[in-house]
Amino acid sequence: MRNKLPNCFFLILFFSIYLNTVEAQGQTSDDACKKGEAALAKKDYAGAVKEFSEAINLNAEFAKAYYGRSIAEYNLGQFEDALTDINVTIVFDANSAEAYNLSGLIREKMG
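The numbering of the sequence shown is the working numbering, which starts it at 16 and goes up by one.
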């Protein structure tokens with residue numbers, strides 16, 4: 016058992032360094048989210064969906080990215096997708112009044 020602990024420690028250390036290196040080489044979830052917000056501001060909703068999806072791929076618990084993607088999907092008339100994303104937003108950020116408001120707007124459009 017004693018011999019396995021140092022090996023485990025080095026494996027965890029290596030994996031941690033590897034993940035940090037991979038993120039440093041590409042864009043971060045925050046970078047992608049900012050690009051999504053810029054696309055929303057330009058009313059480029061398809062581009063916003065793409066950027067917010069990238070942010071979510073980089074950080075699966077990024078409530079702000081789900082919220083932004085939901086806004087873009089809402090504006091594209093993709094109400095089912097928008098509802099799915101806003102529900103995920105609420106799971107990760109249960110105190111977001113904006114998310115509950117958007118959820119109501121989406122449900123209203125869906126009938």
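Backbone N, C-alpha and C define an ideal beta-carbon position, used for all residues, glycine too. Please read these numbers as outputs of a predicted model, since none were measured by experiment.
With 16 other Cβ atoms within 10 Å as the buried cut-off, status of valine 103: buried
Whether leucine 55 touches glycine 92 by CB criterion (8 angstroms): Not a contact, by the Cβ cut-off of 8 angstroms.
Pairwise C-alpha distance: arginine 122 and glutamine 42: 34 angstroms
Inter-residue Cα distance where the pair is lysine 124 and isoleucine 86: 13 angstroms
Helix, strand or coil at alanine 75 [DSSP, three-state]: coil
Beta-carbon proximity check, leucine 73 vs serine 111, cutoff 8 angstroms: no
Reduced DSSP secondary structure (H/G/I, E/B, other) of glycine 41: coil
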